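Okay, so here's the structure we're looking at.
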Amino acid sequence: MTVVLLLLAAPALADDEFTLYDLLPPETHQFAITYDVTQAREGATTFDNPIRAGAVATKERVIARASGEELRFEVVEGKFIRVHLPGPVPKGGETRIRIFKTYTDAASYGVKDGQLFFERPLGISRNVVLLPKGWQLTGCASPGMVSTDADGRVRVSFVNDRDDQLPVKCTATPAPGAGAATLDHRAEQDRQIRYWLLDPSTHQFRISHDFTVARAGQKSVHSFVRKGSVVSPDARMIDLDTGKVLETHTVTGKDVNALGYYPTPSDPDSVVVQGDLGRAIAAGQSARIRVEETYTDPVGYTAQDGELVWKRTLGRPVNFVTLPAGWILTSVNTPATITRDDEGRIKLRFVNIRNDELSVTIKARPKPTPAKSRSDAFVTRSGLASLLLQRHEEGR
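Residue numbers (my numbering): 11 to 406.
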């Protein structure tokens with residue numbers, strides 16, 4: 011069977027940004043920001059982070075997330091922080107940085123009529139607001155997930171599924187002590203996945219999956235093949251921090267369980283694609299990995315009565331599905347943002363703001379072939395008559 015390889019190009023600026031707003035005592039009007047962002051433009055040596063109008067920035071610090079090392083930066087005219095990357099962004103790779111800063115912004119944060127308020131439009135997709143200790147959440151204008159940390163602080167997370175800014179406004183009042191309520195916040199997950207559907211008669215689709223590993227001592231990374239799918243031998247893994255392709259091979263769930271890397275054990279007989287980092291991750295370091303695979307799934311991806319049917323549960327915060335070239339969308343059962351990619355193919359984006367999975371069914375049909383006009387038919391008949399006459403003359 012022939013496997014079609016697609017060129018999976020990274021965008022100039024990756025969409026895995028994340029911001030933590032750590033609210034300090036409200037009378038200070040200050041909040042500490044931790045901002046994770048990726049520069050993916052090949053050859054870039056700097057990254058500019060704007061300082062929002064109306065805010066005063068202090069206590070700036072920047073680290074490279076891959077190595078944990080401090081990076082050099084300067085504040086330019088009070089308008090933005092220019093970060094000097096550890097080196098040019100490698101071909102096929104990206105550079106991940108973490109920016110720390112503290113904002114003083116009385117218009118966005120403070121106390122009014124005895125009630126704490128934090129009001130700020132958030133433009134990136136994943137954000138967390140951490141209330142000061144001793145305050146309880148009383149209002150949240152945009153949908154958010156809420157939990158209480160072990161120290162009693164309330165954590166509110168937001169996943170922005172819009173193409174504009176999310177108008178976030180949180181209010182709180184002083185509260186008595188309360189126990190912790192743990193929750194796996196979707197906004198704190200940086201995993202992303204993209205699917206490119208191939209000809210449905212092959213039951214195949216390409217996958218590109220990005221994730222970060224930061225466990226000290228970890229020497230290999232893994233992609234767990236879903237039951238019912240078959241992964242092709244062309245699977246590969248890329249260390250996005252360096253752009254290098256990792257040595258990759260297939261192992262079993264039993265082999266992975268023996269490593270002790272993951273809290274939830276795998277089915278011992280499951281198929282797992284393993285990539286060797288070539289090093290052990292040190293404390294304070296991390297690695298950003300991209301897995302590229304071709305799956306064959308004759309149950310989840312079929313053709314029925316000339317219509318493409320793709321069924322799959324999606325467990326990532328952000329999920330993209332691109333239809334085959336020449337196919338038009340006829341139905342999708344889960345809300346999606348629909349656009350066209352650079353090649354004119356239909357692309358669907360699913361943003362999952364919940365902690366469970368989206369059960370997605372997509373259907374599509376081949377784009378109809380335009381009917382030939384009468385003039386086209388005349389030209390075709392005329393051309394055929396000319397060809398027959400020419401062959402007659404050549405045969406004389």
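No residue lacks a Cβ here, since even glycine has one placed at the ideal position from N, Cα and C. Note that the structure is predicted; figures quoted are calculated from it, not measured.
Whole-number beta carbon distance between residue j and residue i, since they are thought to touch under 8 Å
i           : j           : result
residue 338 : residue 377 : 5 Å
residue 287 : residue 256 : 7 Å
residue 94  : residue 82  : 4 Å
residue 128 : residue 34  : That pair is no contact at about 11 Å.
residue 223 : residue 247 : Not really, about 11 Å apart at Cβ, beyond 8 Å.
residue 304 : residue 351 : Residue 304 to residue 351, Cβ: 18 Å. No contact.
residue 228 : residue 183 : Contact doesn't hold; Cβ gap of about 43 Å is too wide.
residue 149 : residue 181 : 4 Å
residue 326 : residue 203 : 5 Å
residue 108 : residue 46  : 5 Å
One or two residues paired with residue i in a DSSP bridge
i           : result
residue 295 : DSSP, once it has assigned bridges, lists no residue as partnering residue 295.
residue 89  : BP columns for residue 89 are empty, so no partner.
residue 286 : 230 and 257
residue 373 : 319 and 341
residue 303 : 217
residue 111 : 43
residue 73  : 80 and 108
residue 30  : 44 and 138
residue 59  : 91
residue 166 : 139 and 156
residue 66  : 114
residue 311 : 320
residue 281 : 262
Residue j beta carbon less than 8 Å from that of residue i
i           : j           : result
residue 146 : residue 104 : no
residue 199 : residue 132 : no
residue 370 : residue 324 : yes
residue 193 : residue 31  : no
residue 242 : residue 302 : no
residue 306 : residue 214 : yes
residue 165 : residue 195 : yes
residue 136 : residue 110 : no
residue 336 : residue 320 : no
residue 173 : residue 26  : no
residue 153 : residue 363 : yes
residue 179 : residue 197 : no
residue 374 : residue 340 : yes
residue 36  : residue 121 : yes
residue 216 : residue 208 : yes
residue 29  : residue 134 : yes
Interface flag, residue i vs chain B, CB-CB below 8 Å
i           : result
residue 212 : The structure shown contains no chain B; it holds only a single protein chain.
> Three or more beta-carbon pairs under 8 Å between the segment 293–310 and the segment 69–82, yes or no?
Replying inline: yes
>> Please give me, in chain order, every unbroken run of the beta strand (DSSP E) with length at least 3 that falls completely inside the segment 176–262.
In response: Qualifying beta strand (DSSP E) stretches, in chain order: 176–184, 202–207, 214–223, 230–234, 246–249 and 257–262.
>> Is it the case that the segment 96–103 contacts the segment 39–59, given that we only count it when at least three CB pairs across the two stretches are under 8 Å?
In response: The segment 39–59 vs the segment 96–103: in contact.
>> Taking 8 Å as the cut-off, does the segment 267–279 touch the segment 161–171 (at least 3 CB pairs, one atom from each stretch)?
In response: no
> Three or more beta-carbon pairs under 8 Å between the segment 280–294 and the segment 243–261, yes or no?
Replying inline: yes
> For the 8 Å Cβ check, are there 3 or more pairs between the segment 59–66 and the segment 79–96?
Replying inline: yes
> Could you give the uninterrupted runs of the beta strand (DSSP E) lying entirely in the segment 316–370, keeping only those of 3 residues or more?
Replying inline: 317–324, 328–332, 337–342, 347–350 and 356–361
> Do the segment 38–47 and the segment 113–122 touch if we need at least three Cβ pairs shorter than 8 Å?
Replying inline: Cβ pair count under 8 Å is three or more, so yes.
> Is the number of C-beta pairs between the segment 305–316 and the segment 325–334 that are closer than 8 Å three or more?
Replying inline: no
>> Quick check on the DSSP output: what are the complete beta strand (DSSP E) runs of length 3 or more inside the segment 119–154, in order along the chain?
In response: 119–122, 125–132, 136–140 and 145–150
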